[in-house]
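Just so we're aligned: the sequence shown equals residues 1 to 278 in our numbering. No residue lacks a Cβ here, since even glycine has one placed at the ideal position from N, Cα and C.
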Amino acid sequence: MHTQDEKPSVVLICHEQDRLDTEALASWLANSLRLAGLIIIRDPRSRLWRKAKREITRVGWLRFLDVLAFRAYARLRLAHRDQAWKDAEVERLRRRYPADLAAVPRIVVSSPNSTESREFIERLQPDLAIARCKVILKQSIFGVPRVGTFVLHPGICPEYRNAHGCFWALTRRDFDRVGMTLLRVDPGIDTGPIFLHGTYGFDEVGESHSIIQWRTVTENLDAIANILAALCRGDEVKPIAVEGRQSAVWGQPQLTAYLRWKWNARRRRDASRIPALS
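Rendered as structure tokens:
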């Protein structure tokens, strides 16, 4: 059995406001590997405007209004239940993976690509890093860890790249591709070598797309840790072959797509409850 010092070392990069990362996944990493440091991103207000401008460029003003409508709907109808689930999941994972996170070195930055972030990682010299951030990392950051920087991507790549892959797979009824992807970061957007596709038996009626997206990660933590440890040991872990598969970058969730998905999900559930006529 490995002692804590013998386990691979990891730096976690994540956003300050997300306890599922800063507490739950941090505790998991501190148990499964050795959490050497935390880079906590405190998002500047300007990032929201830049994100909005990119989405307008991508989909146009009309569909961007659909994006805004979904955000308002989610805040009014989904946020309370989603937050309750997250709070309970954080507590569950903290109990399962107890850790003294206060003892872990950390820095708070406005950008993970900052000089401060690079110097922090270089000083710690971790075996790997886990990026749980909505920022494209520069090679000067993701290239520092010995084995690489890895993403727990919320979607099945290469078909569902970008931050809301589960949402679009659900709304397109592409249920075999509702899941997460463990990939190593390269200079592209979610284009690096893939080592795991993870999913679980989700409830499309009872769970929001956000809960489904989070659970694709939290239900696969043991498998993720095993692969990361194997890569750090130098074991042969062959990437999943993706040649010939479609690849697409998806945008922000839209209300019309969400409501259509949920309506169809309830209809399918109700139809399955109707006894077959003899």
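Cα-Cα separation, residue i to residue j
| i | j | result |
| --- | --- | --- |
| residue 231 | residue 62 | 45 Å |
| residue 159 | residue 115 | 33 Å |
| residue 147 | residue 178 | 28 Å |
| residue 73 | residue 255 | 8 Å |
| residue 183 | residue 205 | 29 Å |
| residue 141 | residue 117 | 8 Å |
| residue 102 | residue 121 | 18 Å |
| residue 198 | residue 180 | 5 Å |
| residue 279 | residue 251 | Because the chain here runs from 1 to 278, residue 279 falls outside it and cannot be looked at. |
| residue 43 | residue 271 | 45 Å |
| residue 112 | residue 149 | 13 Å |
| residue 294 | residue 221 | No answer is possible for residue 294: the residues shown for the chain start at 1 and end at 278. |
| residue 212 | residue 172 | 15 Å |
| residue 71 | residue 78 | 10 Å |
| residue 273 | residue 14 | 43 Å |
| residue 1 | residue 210 | Residue placement at residue 1 is poorly supported in this model, since its pLDDT is 47, which falls under 50; the coordinates still yield a value, given next. Cα to Cα, the separation comes out at about 36 Å. |
Own chain residues within Cβ distance below 6 Å of residue i, not counting five before or after
| i | result |
| --- | --- |
| residue 98 | none |
| residue 186 | 192 |
CA nearest to the CA of residue i, picked from the options
| i | options | result |
| --- | --- | --- |
| residue 89 | 36, 27, 56 | 27 |
| residue 139 | 91, 168, 177, 188 | 188 |
| residue 352 | 33, 64, 53 | Outside the displayed range of the chain (1 to 278) lies residue 352, so it cannot be described from this structure. |
| residue 128 | 120, 137, 144 | 144 |
| residue 247 | 149, 155, 227 | 155 |
| residue 235 | 136, 227, 242 | 227 |
| residue 223 | 195, 202, 242 | 195 |
| residue 6 | 256, 31, 212 | 31 |
| residue 51 | 64, 217, 161, 39 | 64 |
| residue 133 | 119, 124, 123, 153 | 153 |
| residue 45 | 137, 244, 110 | 110 |
Residue i: first and last residue of the uninterrupted beta strand (DSSP E) it sits in
| i | result |
| --- | --- |
| residue 196 | 194–198 |
| residue 9 | 9–15 |
| residue 36 | 34–41 |
Run of the alpha helix (DSSP H) containing residue i, from where it starts to where it stops
| i | result |
| --- | --- |
| residue 185 | Counting along the chain, residue 185 falls outside any alpha helix (DSSP H), and DSSP gives it neither H nor E. |
| residue 267 | 255–273 |
| residue 224 | 221–233 |
| residue 213 | 209–218 |
Own chain residues within Cβ distance below 7 Å of residue i, not counting five before or after
| i | result |
| --- | --- |
| residue 17 | none |
| residue 94 | 23, 24, 27 |
| residue 239 | 193, 194, 195 |
is_contact[residue i, chain B] using C-beta, thresh 8 Å
| i | result |
| --- | --- |
| residue 145 | Absent from the structure is chain B; it holds one protein chain and no more. |
Close-in-space but distant-in-sequence residues of the same chain around residue i (CB under 8 Å, 5 per side omitted)
| i | result |
| --- | --- |
| residue 19 | 86, 87, 90 |
Unbroken stretches of the alpha helix (DSSP H), 4 residues or longer, contained in the stretch 123–176:
139–142, 165–171
With a floor of 3 residues, list each beta strand (DSSP E) that falls wholly inside the stretch 70–132, ordered by position along the chain.
106–109, 128–132
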